[in-house]
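Chains as they are written, first to last, in the numbering used here: chain A, 1 to 121; chain B, 1001 to 1276.
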């Protein structure tokens, strides 16, 4: 079973994402900020990371830049999931190594479509 | 709605556009007609149908028929077909043509399909130097065509099927609204077309997309429509159906292309398209 780390400071978003991703066959771990997510990844790289942008302690973009420098850090497919919806922000995420990008609000179909686009389904 | 109402709607859809109205799903019919009834100022669908029966006004009849048609679509729906166009069909055809390649999305709904074809062409490598394209989007619904022509999509619409790198390359946004770039939009021409009508004046096309259509047509008309469109294909043209569409009845005019993405090659031995 593939694993997905859901990184969001909103418990509600984590819960919704968990439900959708479990339905399409992922084993889920959760983190509420980038620092916590980095600790998860250092312990065991997931197959996918669903990543919020704006979070306390360490934001999603900072996390992604550090992740990609880690050993095997290029392995996980990273899908941003954020309210940031400007082309400039999306380009910034792609330049940092994001594989796909979801703009909130989202639904189950969008998550599934984006995970398929990233080659995870 | 009474069973008589539903039968009237089914008969209208069948006669005017060959559409198979799902009489066993009245809730679907209601969900499609409710917005129309509201727009037209009727207090209920029943009032709308009563007006239809009493006055038989052509404009209202067509508005009802258009509303009964399915319009769900997404960008790059059935992505294997677009990959096949990008990587194989379009490069190959471009080397055999001096004139622009003509590509027609025959039931384009709100435009995602024809814009996807245009983006696939823009992403294609291996095209003949100077290859040019003309894209055509047609649909029965004027409302759908208006939206398609605007090139404006919601955040939900652009997140279904469109890879993020394509989004930033071919769209601009203002808040939650996304607009396809003029360089793509300007390559597409639009026209209201009923696929049951005489299509001979349209000329010949190199690729025709007919997707998410046949399953919604009255079974007895499916072959007729595919035959009519096939006659609009250039002798080496390609018809794109849904992979699930059963084209076995059409094996005398179409040969399935390898890959199973719903691509069919016109049998070059049948008559040439009228304006080829």
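All C-beta atoms in this analysis are idealised placements derived from N, C-alpha and C, irrespective of residue type, glycine included.
Could you check the C-alpha separation between residue i and residue j for me, to the nearest Å?
i	j	result
residue 1261 of chain B	residue 33 of chain A	42 Å
residue 1105 of chain B	residue 1024 of chain B	30 Å
residue 1114 of chain B	residue 1186 of chain B	12 Å
residue 1249 of chain B	residue 1223 of chain B	7 Å
residue 1096 of chain B	residue 1132 of chain B	12 Å
residue 1276 of chain B	residue 49 of chain A	Only weak support exists for where residue 1276 of chain B lies, its pLDDT of 38 falling under 50; the value from the coordinates is given anyway. The straight-line gap from Cα to Cα measures roughly 52 Å.
residue 1274 of chain B	residue 1236 of chain B	Note that residue 1274 of chain B scores a pLDDT of 40, beneath 50, so its modelled location is shaky; the value from the coordinates is reported in the next line. Straight-line Cα distance between these residues: approximately 14 Å.
residue 95 of chain A	residue 1013 of chain B	50 Å
residue 1229 of chain B	residue 1208 of chain B	8 Å
residue 1232 of chain B	residue 1225 of chain B	11 Å
residue 1258 of chain B	residue 1045 of chain B	47 Å
residue 22 of chain A	residue 59 of chain A	25 Å
residue 1049 of chain B	residue 1030 of chain B	12 Å
Please decide whether residue i counts as near chain B, where near means a Cβ-Cβ distance under 8 Å.
i	result
residue 13 of chain A	no
residue 28 of chain A	no
residue 113 of chain A	yes
residue 54 of chain A	no
residue 94 of chain A	yes
residue 74 of chain A	no
residue 68 of chain A	no
Taking residue i as the reference, give the member of the options with the closest Cα.
i	options	result
residue 1082 of chain B	B/1052, B/1150, B/1096 and B/1103	B/1103
residue 1211 of chain B	B/1076, B/1152, B/1008 and B/1231	B/1076
residue 53 of chain A	A/120, A/86, A/16 and A/112	A/86
residue 1121 of chain B	B/1087, B/1230 and B/1030	B/1087
residue 1214 of chain B	B/1018, B/1008, B/1026 and B/1039	B/1018
residue 1269 of chain B	B/1240, B/1191, B/1257 and B/1234	B/1234
residue 57 of chain A	A/93, A/74, A/97 and A/9	A/9
If you measure from the beta carbon of residue i to each beta carbon in chain A, is any gap under 8 Å?
i	result
residue 1172 of chain B	yes
residue 1165 of chain B	yes
residue 1159 of chain B	yes
residue 1267 of chain B	no
residue 1273 of chain B	Note that residue 1273 of chain B scores 48 on pLDDT, short of 50, meaning its location in the model is unreliable; the coordinates nonetheless yield the value given after this. Closer than 8 Å: no.
residue 1242 of chain B	no
residue 1087 of chain B	no
residue 1176 of chain B	yes
With a threshold of 8 Å, are at least 3 pairs of Cβ atoms found where one atom belongs to the segment 1099-1110 of chain B and the other to the segment 1136-1150 of chain B? The segment 1099-1110 of chain B makes contact with the segment 1136-1150 of chain B; the number of CB pairs closer than 8 Å reaches 3 or more.
Unbroken alpha helix (DSSP H) runs of length 4 or more, entirely within the segment 1096-1168 of chain B: which are they? 1112-1123, 1142-1150 and 1155-1158
Along the chain, which unbroken stretches of the beta strand (DSSP E) at least 3 residues long are found entirely within the segment 39-71 of chain A? 48-51
Kindly provide the ranges of any beta strand (DSSP E) runs that are 3 or more residues long and lie completely inside the segment 1200-1255 of chain B, ordered along the chain. 1205-1209 and 1233-1240
For the pair the segment 1192-1204 of chain B and the segment 1169-1184 of chain B, tell me if three or more CB-CB distances fall below 8 Å. no
Check whether the segment 61-72 of chain A touches the segment 23-38 of chain A, taking contact to mean three or more Cβ pairs, one atom from each stretch, closer than 8 Å. yes
Under 8 Å, with one C-beta from each stretch per pair, do the segment 95-111 of chain A and the segment 1040-1048 of chain B reach the 3-pair mark? no
At least 3 beta-carbon pairs within less than 8 Å: the segment 1146-1157 of chain B vs the segment 1061-1069 of chain B: No, the segment 1146-1157 of chain B is not in contact with the segment 1061-1069 of chain B.
Of all the beta strand (DSSP E) runs that stay within the bounds of the segment 85-120 of chain A, which reach a length of 3 or more residues? 100-103
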